Amino acid sequence: MFSRAAETTSSPPPAPWSYLPPQMSVLLVSGASRTAVWMAEALAADKACRIQLEQAHGMADGLARLRNEAFDAVLIGHEGERLDALEMLDAIHAGAGEQQAVVVLGEASEEQMGALCFEAGADAYVCVNTTTTRTLLWQLARAVERHRLIAENRRLEQSQQHRLRLEHDEAARLLGQQRALIGDLKQIQDREHAVGKAVAMDDHLDAPLTGELPDTLAAHYRELLRAYVIMGTGNMGAELAQLAERLILDRVSAQQTMRLHLSMLEELVQGLGSRSARHVINRADLLILEVTLHLADGYRRQLVGCTCAPRQLSLPGFQDAA
Numbered sequence: 066m067f068s069r070a071a072e073t074t075s076s077p078p079p080a081p082w083s084y085l086p087p088q089m090s091v092l093l094v095s096g097a098s099r100t101a102v103w104m105a106e107a108l109a110a111d112k113a114c115r116i117q118l119e120q121a122h123g124m125a126d127g128l129a130r131l132r133n134e135a136f137d138a139v140l141i142g143h144e145g146e147r148l149d150a151l152e153m154l155d156a157i158h159a160g161a162g163e164q165q166a167v168v169v170l171g172e173a174s175e176e177q178m179g180a181l182c183f184e185a186g187a188d189a190y191v192c193v194n195t196t197t198t199r200t201l202l203w204q205l206a207r208a209v210e211r212h213r214l215i216a217e218n219r220r221l222e223q224s225q226q227h228r229l230r231l232e233h234d235e236a237a238r239l240l241g242q243q244r245a246l247i248g249d250l251k252q253i254q255d256r257e258h259a260v261g262k263a264v265a266m267d268d269h270l271d272a273p274l275t276g277e278l279p280d281t282l283a284a285h286y287r288e289l290l291r292a293y294v295i296m297g298t299g300n301m302g303a304e305l306a307q308l309a310e311r312l313i314l315d316r317v318s319a320q321q322t323m324r325l326h327l328s329m330l331e332e333l334v335q336g337l338g339s340r341s342a343r344h345v346i347n348r349a350d351l352l353i354l355e356v357t358l359h360l361a362d363g364y365r366r367q368l369v370g371c372t373c374a375p376r377q378l379s380l381p382g383f384q385d386a387a
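Going by the numbering used here, the first residue of the sequence shown is number 66, and it counts up by one from there.
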């Protein structure tokens with residue numbers, strides 16, 4: 066009987082399409098020793114792929130080997146009462162999940178057993194009466210490749226989910242810092258007003274805006290934010306200038322504008338779900354910067370328009386001479 070202990074438990078390197086891997090470690094689970102004999106001889110005769118074959122007698126021995134060792138693939142001989150491959154498939158996937166590549170061998174035709182094996186979790190079913198050694202090698206190789214790709218996709222998905230969680234955490238941290246900044250500025254302004262250091266343009270412009278901002282303004286800003294995230298600044302300069310004019314007419318301060326921006330941005334980020342938040346945060350920062358520039362320029366124009374031109378007064382004693 067040809068039997069060679071596995072020299073390595075690591076997965077074989079991925080082979081290019083249309084090429085077999087250089088080697089595979091395979092566990093053959095059968096109920097009769099003669100199955101292992103002719104299987105070992107057949108696999109050894111084909112030099113296209115080196116098979117490190119080990120044998121387990123019966124389901125209990127096979128499950129014990131799988132608990133203690135790692136194999137690239139498992140061959141199960143379906144031998145009726147001596148070994149039920151479908152029952153062993155259930156046991157394998159209960160212990161190893163879907164991470165183990167399994168190919169079932171049997172004397173029944175593929176039409177009789179193929180669907181049953183697939184439904185039980187096998188990667189392939191091979192009829193020993195009609196197959197060839199090379200076909201069996203390809204079935205094993207494709208099963209191993211399939212599970213390798215599944216594992217890589219799972220790692221990629223986990224990495225992407227971890228990255229998205231970090232991005233959302235970073236977005237929440239930045240929003241929190243911006244809200245804290247607004248609160249700090251408000252405290253500074255309140256302190257300055259208390260000691261009489263605040264300078265107002267006039268009574269009309271200095272009157273604080275009380276109450277919440279209109280719902281129509283919030284809805285309009287929400288739509289502008291969504292459109293800006295999608296299109297960017299290229300086509301929305303006029304809309305942002307009109308928004309700034311409306312904010313100035315409603316005497317909305319920069320702090321109130323920032324609070325409105327953060328409120329709408331938080332809604333947008335929370336609605337992203339599993340999508341990336343980095344692009345949204347970057348575009349939103351550009352939006353509030355552009356709106357703030359329009360707002361500052363508009364209030365500057367109002368200040369210039371309200372400021373009287375300087376007038377030279379006469380010096381004392383020189384009125385009559387003038």
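A virtual CB, placed ideally from N, CA and C, is assigned to each residue, including glycine. Keep in mind it's a predicted model, so treat the numbers as computed, not measured.
Pro279 versus Gln320 - alpha carbon distance: Here residue 279 corresponds to residue number 214 of the sequence shown, with the count starting at 1. Here residue 320 corresponds to residue number 255 of the sequence shown, with the count starting at 1. Pro279 and Gln320: Cα-Cα distance of roughly 16 Å.
Residues that DSSP places opposite His143 in a beta bridge: Here residue 143 refers to the residue found at position 78 when the sequence shown is read from its first residue. For His143, which the question treats as bridged, DSSP gives the partners Gly171.
Cβ neighbours of Met153 in the same chain (closer than 6 Å, five flanking residues each side left out): To locate residue 153, count along the sequence shown from 1; it is residue 88. Within the same chain, Met153 has close Cβ partners Met124, Ile141.
Alpha-carbon to alpha-carbon, Glu232 and Phe126: Mapped onto the sequence shown, residue 126 falls at position 61. Mapped onto the sequence shown, residue 232 falls at position 167. For the sequence presented, residue 126 should be read as Asp rather than Phe. Cα to Cα, the separation comes out at about 48 Å.
Alpha carbon of Ala110 to alpha carbon of Trp103, nearest angstrom: Along the sequence shown, read from residue 1 onward, the residue named residue 110 stands at position 45. Along the sequence shown, read from residue 1 onward, the residue named residue 103 stands at position 38. Using only the alpha carbons, I get a separation of about 11 Å.
Reduced DSSP category for Met266 - H, G, I as helix; E, B as strand; rest coil: Along the sequence shown, one-based indexing puts residue 266 at 201. Here the model assigns Met266 a pLDDT of 41, short of 50, so the residue's position is not dependable and the matter cannot be decided.
Neighbour-count burial assignment, Leu85, 16 or more Cβ in a 10 Å radius: In the sequence shown, the residue the question calls residue 85 occupies position 20. Buried: at least 16 other Cβ atoms inside 10 Å.
Meets three-Cβ-pair contact criterion under 8 Å: the region 346 to 362 and the region 307 to 327: yes
Separation of Glu146 from Thr197, as counted between CA atoms: Within the sequence shown, numbered from 1, the residue matching residue 197 stands at position 132. Within the sequence shown, numbered from 1, the residue matching residue 146 stands at position 81. Approximately 25 Å between the Cα atoms of the pair.
Close Cβ partners of Leu330 (< 6 Å) along its chain, the five nearest in sequence each way excluded: Along the sequence shown, read from residue 1 onward, the residue named residue 330 stands at position 265. Result list for Leu330: Ala349, in chain order.
Strand pairing of Glu119, partner residues [DSSP]: Numbered from its first residue, the sequence shown carries residue 119 at position 54. For Glu119, which the question treats as bridged, DSSP gives the partners Leu92.
Distance, Ala150 Cα to Cys192 Cα: The count along the sequence shown starts at 1 and reaches residue 192 at position 127. The count along the sequence shown starts at 1 and reaches residue 150 at position 85. Straight-line Cα distance between these residues: approximately 13 Å.
Exposure of Leu368, with buried meaning 16 or more beta-carbon neighbours within 10 Å: Walking along the sequence shown from the start, residue 368 turns up at place 303. That one is exposed.
Beta-carbon contacts of Lys262 that lie in its chain and below 8 Å, excluding the five residues immediately before and after: Along the sequence shown, one-based indexing puts residue 262 at 197. Note that Lys262 has pLDDT 44, beneath the 50 cutoff, so the model's placement of it is unreliable and no number is given.
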